[in-house]
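In the working numbering, each residue's number is its place in the sequence shown (first place is 1) plus 466.
Backbone N, C-alpha and C define an ideal beta-carbon position, used for all residues, glycine too.
As the structure is a computational prediction, the values presented were derived from the model and not from experiment.
The block underneath contains the structure these notes are about, expressed in structure tokens.
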Amino acid sequence: MSEWIVDGSGITAPTSEALLDAVRHGAVRRAPRHRLAVRLLEMVIHENRRWFGEAAVRVDVLVVHGGTTTAEYAPTTFSFPRVSDGDRLPIGDGGLLLFHGRPKWFLSMFVAVSRDKPQASPLAELVQDVVTSEPATTLQTQALALATGVPDPQMLAMAWQSALLVGDSMLNALRRETGASIGVYRDSWLRGKDGWGVGRHPASGLLTAKDLAFAFEIVEEPE
């Protein structure tokens, strides 16, 4: 059974029509790629996974978007000291920026919240374990084939699935570095079928994943 708490609608495997639409969009070389920003708006820690009192909490996010190199991965880590059960993390009115760029074929996001440990490495330093994993190297090969050859919906479907497995590699890397898991979440969007997922998630209220609740938004920046 998957360890991911999936509350998003995008994880269902895309249909052949959606994939064909995606490769058609991606095949138009001269068409501008949309610039997107993903922001964490709010997060509440229901249970900090400590028997008594406060605990340090870390939020790790990895965004994968079908680029041909691992340099296009977007790992981020945010640390919050002295978090009690029921606390709302001090994110601020502007939110926390999780990703800013131009996705190519899809946008997949993986969120892991856990107890922090002293001297634990941020995800940006752990990402080497992720990018050298078999799913990541497979994804690079598939993305390169999509970028240089005739766009193929079947190849895109395999790349999309590989991106989900990259998220599993992220969890494995974090498990060796962090404390008890508070909650994990993943979702994925295509350009045509999902419009890159632009909007607030959820439309109102908060998503619940294990011992946390949160909201994020995907914003398309004007050219």
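A direct Cα-to-Cα measurement between Glu600 and Ala629 gives close to 11 Å. Phe572 is a Cβ neighbour of Leu656, given a cutoff of 9 Å. Along the length of the segment 643 to 681, whole beta strand (DSSP E) runs at least 3 residues long occupy 647 to 656, 665 to 667 and 673 to 675, reported in chain order.
If you look at Gly567, you'll find it isn't in any alpha helix (DSSP H); it sits in the beta strand (DSSP E) that goes Leu562 to Gly567. Here Glu520 is exposed. Its C-beta has fewer than 16 other C-beta atoms within 10 Å.
By DSSP's assignment, Val597 forms no beta bridge with any residue. Counting along the chain, Asp526 sits inside the beta strand (DSSP E) bounded by residues Ala521 to Val530.
In this structure Asn514 is not in contact with Ser545, their Cβ atoms being roughly 13 Å apart against a cut-off of 8 Å. Cα atoms of Gly658 and Gly665: separation of roughly 15 Å, rounded to the nearest angstrom. About 16 Å separates the Cβ atoms of Ser580 and Ser635, ruling out a contact at the 8 Å cut-off. By the Cβ rule, the segment 664 to 681 does not count as touching the segment 584 to 592, because fewer than three pairs are nearer than 8 Å.
Per the C-alpha coordinates, the member of Glu508, Gly561 and Val504 positioned closest to Phe680 is Glu508.
The Cβ atoms of Val593 and Ala639 lie closer than 9 Å to each other. One Cα belongs to Val504, the other to Val510, and the distance between them is close to 18 Å. Here Thr598 is not near Met624, since their CB atoms are 9 Å or more apart. In this structure, Thr542 keeps its C-beta atom at 9 Å or more from the C-beta atom of Leu555.
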